[in-house]
Each structure stands twice: as C-alpha cells, then as structure tokens.
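Position one of the sequence shown corresponds to residue 0 (numbering that gives the first Met the number 0), numbered consecutively onward.
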Amino acid sequence: MIKKRSAQLAALACAGLASCWLLSMPASAAAKTKEVQFTQCLSTAVSIPDGPPPPFTTVNPVASFAVPVRVPKFKGRRQDGVVTRFNSVGVRISHTDVSDLALFLVSPGGRAVALATYRDQSTNVDGEGDPAPSGDGFGAGAPSCAGSRVDFSDRSRPSIAAPGNTALDAPIMGAFSPEQPLGTFVGGPARGFWTLIVQDIVFQDIGQINALSLSFDYRYKANPKRKKRK
C-alpha cells in the first residue's frame, strides 16, 4: 500500500513532461544575468545646417550622429538589455558660436536628454545689452576622437547652465553636468542607436559634429555555458 501511494505521488509530481524536465534541470543551465560597461568614441564630420535667416519663419534645421550599441542574443533571440547606470557622454563640435546650438542625446527607446541649450558661456555683453558671441565649439584640438571633448556627467560640476564657464571666443572645455540628468536613461534599452541631435537656431555661424563618446553600464541575460563532455 505504501509503495503504491508513493508511485501515485511521483506521477502527480511529474504530471507533465515539461514539469519533470524543469525539476531535473541542473542549476548551471539556468539563465544568468551579466552586467557590462559600454564605452566607445566615434569620429565623424557631420555638417550642422545653419539656422534660418530673419524673419525666422522656417523650421530650424538639425544635424544628427548616432553610436550603435549591440547586445548579445539570448537563446538565439534578440534582446535589448537594460541600462543600469549612465556614466557620461562626450562631444567634440566645431562651431563659430556655440550659443546658437542646442544639443540633445536620444536613446534607442526614444528618451531625450538636453545636454546644452543655447549656452552663451561669456558674461560679456555688447553695446545693445545682448550676449556677446562666445565659445568657439565644444572641445579643442583635432576635430575627432583624438581631440579633447566636453564630457557631460551627472556627477560633474559645475552645470553647463552656470554662466562664465569659458572666456570670450574660446571653446567650451572640461566636464559639466548637463541641462537634464543622464540618469533618465536608466531602466531603458541599451541596444540600438544612441543619437546626438544638434540644432542651430541662428544664421551666419556654421560648424560640424566631430566626435561622440558614450559610457554606460547595462545588464542582459547570458546564455549558460555548456560543459564539455569528457
């Protein structure tokens, strides 16, 4: 009687083949989560369209440049990964008056963060009380990843919005906190195109996007390693 009851309990425990397989599956075959850091800089030469002339009735043009991020597949299927921490974004931009520019970083999931918007870093003003032109680009040196970049990070100080960050007609240099927090990207997808968008709202000054760098951490599901048979 005892043996018969034991057999019935075993049958109930393994009522379906899939259930029995899951119960007997070794722990090493379970999915593992890995966390890695993505760090990359790409050089480019994307022209920034000049802003429209007065009476400013046309749409302001934009330039864009994207860094692609790939995430390993899980069991042959595509996965997006999840951003766990956003470390920094760096830009190298050549321009004759950065106060004309607005910079945004857009994630693959469509989230947008304002890095710097029409920041005239000089405290000087002209005779009419308007801000004087200042800031001959973001970064200096080679117009590529080989040059120095302006880095935006939530941990950096001062804010790019603080006045007087650079002298008249000098490039903006150094590290700043952006207009909006890069932590906004945490929890979103890592895989896809991370796009820098630059908008010029004033005519007569032109420039180029020269380099874009990204550094962030993300996690993803990793395929279990198969043990080699002896």
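Virtual Cβ for every residue (Gly too), placed ideally from N, Cα, C.
#1: For a test of the three-state rule: what should DSSP assign to T43, helix, strand or coil?
#2: DSSP has L102 in a bridge; who is on the other side?
#3: Is it the case that the Cβ atoms of I159 and E178 are separated by a distance below 8 Å?
#4: To the nearest angstrom, report how far apart T95 and V201 are at their CA atoms.
#5: Is the region 216 to 225 in contact with the region 31 to 45, if contact means three or more CB pairs nearer than 8 Å?
#6: To the nearest angstrom, report how far apart L11 and A111 are at their CA atoms.
#7: What residues in its chain sit with their C-beta under 6 Å from that of S214, if we drop five residues either side in the sequence?
#8: Quick one: what does DSSP say V88 is sitting in, helix, strand or coil?
#9: Straight-line CA distance for A113 to L102?
#10: Find out if the Cβ-Cβ distance for the pair F64, V82 is shorter than 8 Å.
#11: Relative to the alpha-carbon of G109, which residue among R69, V70 and A189 has its alpha-carbon at the smallest distance?
#12: Pick from P51, G187 and V197: whose alpha carbon is nearest that of G80?
#13: Would you mind working out which of S212, T194 and D153 sits nearest R84, comparing C-alpha positions?
The relevant details are as follows:
#1: Of the three classes helix, strand and coil, the one that applies to T43 here is strand, per DSSP.
#2: The partner list for L102 (beta bridge, DSSP) reads A115 and V197.
#3: yes
#4: 11 Å
#5: Put simply, the region 216 to 225 touches the region 31 to 45. At least three CB pairs are less than 8 Å apart.
#6: Confidence is the limiting factor: at L11 the pLDDT is only 37, short of 50, which leaves the residue's position unreliable and the question unanswerable from this model.
#7: T38, N86 and S87
#8: strand
#9: 6 Å
#10: no
#11: A189
#12: G187
#13: Looking at S212, T194 and D153, the one whose alpha-carbon comes closest to that of R84 is D153.
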